[in-house]
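Only one structure is covered here, and it is reproduced in the block below.
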Ligand SMILES: [Ca+2]
Ligand SMILES: [Ca+2]
Ligand SMILES: [Ca+2]
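Residue numbers (this note's numbering): 1221 to 1500.
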């Protein structure tokens, strides 16, 4: 029987050989793993560098777009301003034209051409004022000197300049219409000039409305609902009006925009006007 020591030595040698083999396998595996990691790392570095390049190119593009955006916004603002200025100028020319027509008629220097329909003289301006007034109304300063503070109107009321207007959806007599406005701290619309006349005519959309003019107190003495002076104010009577034909003391704006006196008891739509208020 071999001594125990030599058996142990043999066993240890076998174990050593086994471990060496395992370590060598492990080494190979580890080295393969490192190779793979190195390759992945190289790929990753390449991708990262490409990504950085892409990001930098994108940043340049974004910066360019932002610059273009600023320039376009500025151009748009300039164009809008120019458009508003032109629009204001055209509106003013139209208002002058209407004022001239109104004065000619008042002075008796205007005669309708033979065969012309009543109100045809206004047709010269009619095609333009609709387009002009379709432009959104510019903000108006309601601050009375401590502003600027934008003007506002109640719901259901339209704003033009510094006034608010209510167009009724039912009909009433002239007196009832006036009372209805009064309950809303307003009065039947007072037309102070050509631009307001234009605005009312277009907003009325071919419907007849009571306006705030009457001669109920004394025949032929026309009074505006808010006390505005009648004689110095512009007039847009239809040719031949006011005629008091059927005891007519109240006034409607016809679908052409011209004024006509009508019996106050007739039922008509009506327009109220009151001052716009500063935004709170
Ligand atoms: Ca007015
Ligand atoms: Ca009358
Ligand atoms: Ca009449």
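For each residue, glycine too, the CB sits at the ideal point set by N, CA and C.
Computed from a prediction, not measured in an experiment: that's the story for all the values here.
In whole angstroms, give me the CA-to-CA distance for residue i and residue j.
i	j	result
residue 1362	residue 1454	25 Å
residue 1305	residue 1388	33 Å
residue 1447	residue 1402	14 Å
residue 1369	residue 1478	35 Å
residue 1292	residue 1307	22 Å
residue 1229	residue 1248	28 Å
residue 1492	residue 1414	18 Å
residue 1399	residue 1452	26 Å
residue 1467	residue 1365	46 Å
residue 1485	residue 1393	5 Å
residue 1315	residue 1375	28 Å
residue 1321	residue 1298	35 Å
residue 1333	residue 1433	28 Å
residue 1379	residue 1276	52 Å
residue 1429	residue 1490	5 Å
residue 1302	residue 1289	20 Å
residue 1470	residue 1435	7 Å
residue 1254	residue 1270	24 Å
residue 1488	residue 1407	16 Å
residue 1239	residue 1250	16 Å
residue 1391	residue 1450	26 Å
residue 1331	residue 1294	50 Å
residue 1244	residue 1272	41 Å
residue 1438	residue 1444	13 Å
residue 1193	residue 1259	Here the chain covers residues 1221 to 1500 and nothing more, so residue 1193 does not appear.
residue 1441	residue 1483	16 Å
residue 1397	residue 1296	45 Å
residue 1372	residue 1424	21 Å
residue 1231	residue 1242	16 Å
residue 1310	residue 1300	15 Å
residue 1246	residue 1281	51 Å
Per DSSP, which residues does residue i bridge with? Please list them.
i	result
residue 1250	Residue 1250 is not bridged to any residue.
residue 1162	No statement about residue 1162 is possible, as the shown extent of the chain runs from 1221 to 1500 and does not include it.
residue 1377	DSSP lists no partner for residue 1377.
residue 1371	1498
residue 1493	1385, 1407
residue 1482	1470
residue 1361	1370
residue 1488	1392
Beta-carbon within less than 8 Å of residue i's beta-carbon, same chain only, minus the 5 sequence neighbours each way: which residues are those?
i	result
residue 1182	There is no way to answer for residue 1182, as the model of the chain reaches only from 1221 to 1500.
residue 1461	1478, 1479, 1480, 1481
residue 1417	1318, 1411, 1454, 1456, 1477
Please work out which residues of its chain come closer than 7 Å, Cβ to Cβ, to residue i, disregarding the five sequence neighbours upstream and downstream, and give them in chain order.
i	result
residue 1405	1494
residue 1381	1360
residue 1420	1409, 1411, 1473, 1491
### Message
Beta-carbon distances below 7 Å to any heavy atom of ligand 1 define the shell here; list its residues in chain order, please.
### Response
Sorted by position in the chain, 1383, 1409, 1410, 1411, 1412, 1416, 1493 make up the residues whose C-beta lies under 7 Å from a heavy atom of ligand 1.
### Message
Threshold first: 3 residues or longer. Then list the beta strand (DSSP E) segments lying entirely within the region 1380-1458, N to C.
### Response
Fully contained in the region 1380-1458 are the following beta strand (DSSP E) runs of length 3 or more, in chain order: 1383-1387, 1429-1434.
### Task
Would you list the residues whose beta-carbon is nearer than 6 Å to any heavy atom of ligand 2, in the order they occur in the chain?
Listed by chain position, these are 1435, 1439, 1464, 1468, 1469, 1481.
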